[in-house]
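Engineer: Residue numbers (our numbering): 1405 to 1774.
Backbone N, C-alpha and C define an ideal beta-carbon position, used for all residues, glycine too.
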Amino acid sequence: MNCLTEALGLSLPGNGSLLATHAERRNLFLEAGRLVVELAKRYYEQDDASVLPRSIATFEAFENAIALDIAMGGSTNTVLHLLAAAHEGAVNFTMADIDRMSRRVPNLCKVAPATQQYHMEDVHRAGGVIGILAELDRGGLIHRDCHTVHSASMGAGLDAWDVMRNQESEAGRRYLAGPGGIPTQVAFSQDSQWPDLDLDRAAGCIRDIQHAYSKDGGLAVLYGNLAEQGCIVKTAGVDESILKFAGPARIFESQDAAVEAILGDRIKAGDVVLIRYEGPKGGPGMQEMLYPTSYLKSKGLGKACALITDGRFSGGTSGLSIGHCSPEAAEGGNIGLVEEGDTIEIDIPNRSIRVVLSDDALTERRLSMR
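Next comes the structure, spelled out in C-alpha cells:
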C-alpha cells in the first residue's frame, strides 16, 4: 500500500520504495512535513479544496493505483485495501473495474517473492513506483490529469521524476539510494549509493511494455461456480506450468487444520488445498494466512499444488494461491458445498475457477445442509 499511495497521488515520489534505514528517507520525511503544512495552508487560508484526499483519490486515481498494482504483481491484500478505501471515499470502484484493468495492464516488474532476482531496493534503483507508472504512461495506461500532493498533475509528476528522462536531476539522486549491506532497523543509519541507475527496460527490474514479463498483469480476478462474486490470484507469483490446473479438493475448515495436514505429509502433488470459513464473517476477521503456502513450498509442493480460500494471504505469498473467494462459506457461498475429492478446475488465462459439479448437484447439497 505504500507503493499504491504514490500511484493514488497521496505521497511523494520515492515514498513506496526508499529503504527505511537510508538517510535519504529522513530528507523525504522533512519534505513531507513541509508539504503537509503547505497543503493545510492552501485549504484553510485559500479555500483550495483540490488538496483534500477526496479530491485527489478519484475514480481515475484508483485506476492508476490498480494499474500499478497489476503491473508490479502486488499482494492480493491490496485489492481488499483499495476497495475499502474507495468505499470510504464514496468512489464507485469495484471488483469489476479491477477485472477490467487486469486484462489491459501487462506485468512490468517482478519482485520477491515472485522472483528471487529482485527486491524493493532494486525497484528503487530502477526508478521506483514512478518508474513503473512512467512505463505505463508511455503505453497510454495512466490518467495523466489526476491531481497529486506534489505536482499539478500526475503527468507533470511523471515528467519531473521519471529517471529515464531525469537521470542528472534530483530524481536521479534520490533513486541512487541503496542498501547498506548491514542488517539494522535503525532509521537513517546509512547513506550507501548504487553505482548507477538501472535503466535497462529490456532486461532490468522494471520493463517497458514491449519487454513486459507477461502480457497479462500480475493480478487477476477469477469467476465461476466456486467464486460467483470473484476471487483474486497473484499471477506474477504463479509458475507458467500451472496457469491451468485441475485436481481433487482437500477440504479444511481452518488454517490450522490445513497446516497440520501439510506438515503431516497428507498433501500430495496435484491436490487442491481448500481452506474455508476464514473470511471476514467465518474467521471471523479474515486473518492473514502465510503458513500454508510457506509449508507447501518447504515440502517441495509450491509448483505442484493449488491453494484456495475465502480468507486472505500475506503479501509474502507466491504460488497458485487463490484468495478472497466470494461469497465466503459463512455467507452461504458454494465454497462451503465442496466435498473431499471433488475435482476443481482453475484456468487463469480464461479467468475461471469451478468445482466440477452441475447446478443441480450444488442445489441438492445446499438443501441437504439445511
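(1) Which residue marks the beginning of the beta strand (DSSP E) containing K1648, and which one marks its end?
(2) Could you tell me which uninterrupted alpha helix (DSSP H) segments, each at least 4 residues in length, are contained entirely in the stretch 1414-1491, listed from first to last along the chain?
(3) To which residues does DSSP link V1750 through a beta bridge?
(4) Please return the same chain residues whose Cβ sits closer than 8 Å to the Cβ of R1776, not counting the five positions on each side in sequence.
(5) For S1506, which three-state DSSP category applies?
(6) Just checking, does the stretch 1559-1571 make contact with the stretch 1645-1656 on the three C-beta pairs under 8 Å criterion?
(7) Since T1713 is in the beta strand (DSSP E), which residue starts that stretch and which ends it?
(8) Taking only runs that begin and end inside the stretch 1662-1742, name each unbroken beta strand (DSSP E) of 3 or more residues, in chain order.
(9) Nearest to D1604 by alpha carbon, out of M1568, V1625, Q1589 and E1572?
(10) By DSSP's criteria, N1511 is part of a beta bridge. Which residues make up the other side?
(11) Are the Cβ atoms of V1440 and R1446 separated by less than 7 Å?
(12) Quick test of the definition: if touching needs 3 or more C-beta pairs under 8 Å, does the stretch 1456-1468 touch the stretch 1419-1435?
(13) Do three or more CB pairs link the stretch 1737-1756 to the stretch 1706-1714 at distances below 8 Å?
(14) Among T1552, M1558, V1553 and H1554, whose alpha-carbon lies nearest the alpha-carbon of L1545?
(15) Are L1423 and E1539 closer than 7 Å when you measure CB to CB?
(16) Measuring straight from C-alpha to C-alpha, what distance separates L1630 and A1606?
(17) Per DSSP, what are the beta-bridge partners of A1624 in this structure?
(18) Do N1511 and G1621 count as a contact pair if the criterion is CB distance below 7 Å?
Structural biologist: Once the coordinates are examined:
(1) Position 244 of the sequence shown, counting from 1, holds the residue named residue 1648. Annotation for K1648: the continuous beta strand (DSSP E) segment containing it runs K1648 to F1656.
(2) Within the stretch 1414-1491, the complete alpha helix (DSSP H) segments at least 4 residues long are 1427-1450, 1457-1460 and 1463-1475, listed from N- to C-terminus.
(3) To locate residue 1750, count along the sequence shown from 1; it is residue 346. Before going on, a small fix: residue 1750 reads as Ile here, not Val. I1750 is bridged to F1649 and I1757.
(4) Look at the range of the chain in this structure, 1405 to 1774, and you will see that residue 1776 is not part of it.
(5) Here the question's residue 1506 lines up with position 102 in the sequence shown. Note: S1506 maps to helix in three-state DSSP.
(6) With fewer than three CB-CB distances shorter than 8 Å, the stretch 1559-1571 does not count as touching the stretch 1645-1656.
(7) Taking the first residue of the sequence shown as 1, we reach residue 1713 at position 309. Annotation: the continuous beta strand (DSSP E) that includes T1713 extends over A1710 to T1713.
(8) Listed in chain order, the complete beta strand (DSSP E) runs (minimum 3 residues) inside the stretch 1662-1742 are 1676-1679, 1710-1713 and 1725-1727.
(9) Taking the first residue of the sequence shown as 1, we reach residue 1604 at position 200. Checking every option, the nearest Cα to that of D1604 belongs to M1568.
(10) For the purposes of this step, residue 1511 is identified with residue 107 of the sequence shown, where counting begins at 1. The bridge partners DSSP lists for N1511 are S1618.
(11) The residue given as residue 1440 occupies position 36 in the sequence shown. The residue given as residue 1446 occupies position 42 in the sequence shown. No, the pair does not count as a contact, with Cβ atoms beyond the cut-off.
(12) Segments in contact, no.
(13) Output reads yes: the stretch 1706-1714 touches the stretch 1737-1756.
(14) Residue 1545 sits at position 141 when you count from the first residue of the sequence shown. With distances taken between Cα atoms, L1545 lies closest to M1558.
(15) By one-based count along the sequence shown, residue 1423 stands at place 19. By one-based count along the sequence shown, residue 1539 stands at place 135. Taking 7 Å as the Cβ cut-off, L1423 and E1539 do not qualify as a contacting pair.
(16) In the sequence shown, counting from the first residue as 1, residue 1630 sits at position 226. In the sequence shown, counting from the first residue as 1, residue 1606 sits at position 202. The straight-line gap from Cα to Cα measures roughly 39 Å.
(17) Here residue 1624 is taken as the residue at index 220 of the sequence shown, counted from 1. A1624 pairs with V1637.
(18) Taking the first residue of the sequence shown as position 1, residue 1621 is located at position 217. Taking the first residue of the sequence shown as position 1, residue 1511 is located at position 107. Yes, the pair counts as a contact, with Cβ atoms nearer than the cut-off.
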